[in-house]
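Numbering (UniProt numbering), first residue to last: 1 to 595. Ideal Cβ positions, reconstructed from N, Cα and C, are used throughout, including at glycine.
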């Protein structure tokens, strides 16, 4: 039995990885492939029976996994960002979300015959989008910046708020089912809120005072979250989810507490948990579904897609500067994700144990909605954006990995040439100087899970890896090859060809074309800037062509970029030697003696 259990868990980990990898390859939300894998393993083939496999451990495992998922999601909510997210986003995550909740609850009550309490819980779960499903869709959708920012910020903010709505409604249902008074319900809410706040304060205090060594901080926060969840549940039944949600929101907004490394760890852990959890939960679905359930699920999906979402977007965007075309696309795109799937399954398990009527319908209805929205919107959003004329043209912008003087110099000249430039790095000092230079920045490793969620790639179609970290440059190139294409990814060498011996060389499969010329390295570029070399941008003509430029500025000038008459950017590299033509604007590194 131990071997069988170990083999099944290892197999689910591998299948989960393959589902995540496939989602990355085809740029679709991973939740779709995870759910389909679970359905194939469970209801279709009967290979996996979670209840038989885990027995009494199923509910605790799902509970702890959902607690960590909710904590990780709520950790990303920043109060200081709320005033700046715009009128439409504030509407979508406040009165728009409440409107969607009530309309979806009404539809679930009328169409699926759910009781009002279960229908309200369905509405709370079904009104939530999330960054894990929005971010992959935006990469293929490529709408204009206003649409992309609205959808991205809606997913980030409504993820923890929607979870809080659902937890509160769940607490009310449990209190009523167990015959609790309103006082006990309030006590449950109070216990969860106080436990979460105290846990966040204590954890933040220990982190701020450096009382926990850095290598133990991730472990400490993980233990604190699970301990707070369990203790809160012991004190007052079912208050643990509220406790971890409050803990995440409080810790994420605490001053003086640096949680970037903790967030990276939690994101990686959440990826593993989500992969296992969704396969387990989808495998528990019973097929065929109970009479009328499939039809009710499809009907609810149609109502959510064609009625509820457009109405809430229309209501939330009244008085905004969005055009009707932009509103139409935002009203079409609202895929459901992790919170809806994981929390619905946990609540269904608990409510089934309490004998609440209709709880068994919660998971299939939510899963039908998730699969329907992800599949339909992934297939139709890009054509709809093109038809509405709100899609971005072929992206011309550049993502530059690095923020030192070399990266900033390259970024400034490209920005002055009219290209959208984003500098990404986890060196705060360099990012601070880049912001002072007026450049758009992202603080963090561009190949991290954090960047997957928060790095806005709207209008960006090339990567220049010019950081001082050789291995991380290569990692970023491999990461963005799938995003931009092999011919749109470049790196600035950190070693000369002579220094790059067999012992120091990286695998050829990890390398992208080196920038500029055979001898150019990051160190040489920085040294040239220090000795007075400057980046010169010049428009060529028939009377002043490239040979004249070389004659005036010196044969040792280094050609970096060329901008064609129609605005297309050409990048000089060792794999593609440029031949500038009249009408081009050339960008070159010229010596200090040049006139």
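Measure the CB-CB distance between residue i and residue j and report whether it falls below 8 Å.
i           : j           : result
residue 104 : residue 122 : yes
residue 370 : residue 298 : no
residue 177 : residue 374 : no
residue 15  : residue 279 : yes
residue 281 : residue 361 : no
residue 20  : residue 271 : yes
residue 515 : residue 490 : yes
residue 119 : residue 108 : yes
residue 557 : residue 590 : yes
residue 517 : residue 574 : yes
residue 158 : residue 335 : no
residue 340 : residue 128 : yes
residue 381 : residue 141 : yes
residue 302 : residue 250 : no
residue 143 : residue 392 : yes
residue 424 : residue 457 : no
residue 333 : residue 526 : no
How many Å lie between residue i and residue j at the Cα?
i           : j           : result
residue 467 : residue 538 : 26 Å
residue 389 : residue 73  : 33 Å
residue 385 : residue 28  : 17 Å
residue 99  : residue 570 : 49 Å
residue 319 : residue 4   : 60 Å
residue 57  : residue 64  : 11 Å
residue 61  : residue 343 : 13 Å
residue 39  : residue 376 : 19 Å
residue 317 : residue 91  : 7 Å
residue 201 : residue 572 : 53 Å
residue 66  : residue 233 : 14 Å
residue 493 : residue 520 : 7 Å
residue 612 : residue 588 : A query on residue 612 cannot be resolved here, the shown segment of the chain reaching from 1 to 595 and no further.
residue 126 : residue 329 : 19 Å
residue 87  : residue 235 : 40 Å
residue 439 : residue 12  : 44 Å
residue 293 : residue 365 : 7 Å
residue 327 : residue 215 : 47 Å
residue 285 : residue 268 : 27 Å
residue 547 : residue 561 : 16 Å
residue 420 : residue 106 : 45 Å
residue 470 : residue 522 : 10 Å
residue 229 : residue 338 : 19 Å
residue 408 : residue 455 : 18 Å
residue 314 : residue 110 : 24 Å
Can you check DSSP and say which residues form a bridge with residue i?
i           : result
residue 317 : Bridge partners of residue 317: none, in fact.
residue 397 : 460
residue 585 : 539 and 563
residue 596 : Limits of the chain in this structure are 1 at one end and 595 at the other, which puts residue 596 out of reach.
residue 490 : 464
residue 65  : None, per the DSSP bridge assignment.
residue 276 : DSSP lists no partner for residue 276.
residue 570 : 562
residue 515 : 573
residue 534 : 590
residue 143 : 391
If I measure Cβ to Cβ from residue i and keep anything under 6 Å in the same chain, skipping five residues before and after, which residues do I get?
i           : result
residue 42  : 48 and 283
residue 23  : 30 and 33
residue 465 : 401, 473, 476, 477 and 491
residue 404 : 430
residue 598 : Residue 598 is absent from the model: the chain starts at 1 and stops at 595.
residue 71  : 225, 244 and 248
residue 583 : 565
residue 443 : 431
residue 220 : 212
residue 577 : none
residue 395 : 459, 460 and 461
residue 155 : 129, 130, 131 and 134
residue 325 : 388 and 390
Give every residue of the same chain whose Cβ lies closer than 8 Å to the Cβ of residue i, excluding the five residues on either side of it in the sequence, and list them in chain order.
i           : result
residue 227 : 199
residue 592 : 531, 532, 533 and 534
residue 189 : 168, 171, 239 and 242
Does any residue of chain C bring its CB to less than 8 Å from the CB of residue i?
i           : result
residue 361 : Of the protein chains in the structure, only one exists, and it is not chain C.
Closer than 7 Å by C-beta to residue i: which residues in its own chain qualify, once you throw out the five before and the five after it? Chain order, please.
i           : result
residue 447 : 475, 476 and 479
residue 528 : 589
When you measure from the CB of residue i to every non-hydrogen atom of the ligand SAM, does any distance come out below 7 Å?
i           : result
residue 382 : In the structure shown, the ligand SAM is absent, as is every other ligand, since no ligand is present at all.
Stretch-stretch touch, CB-based, cutoff 8 Å, three pairs: the region 108-117 with the region 424-437 | Counting C-beta pairs with one atom in each stretch, the region 108-117 and the region 424-437 have fewer than three that are closer than 8 Å, which means they do not touch.
If we count Cβ pairs, one from each stretch, closer than 8 Å, do we get three or more for the region 243-261 versus the region 204-221?
-> The region 243-261 is in contact with the region 204-221.
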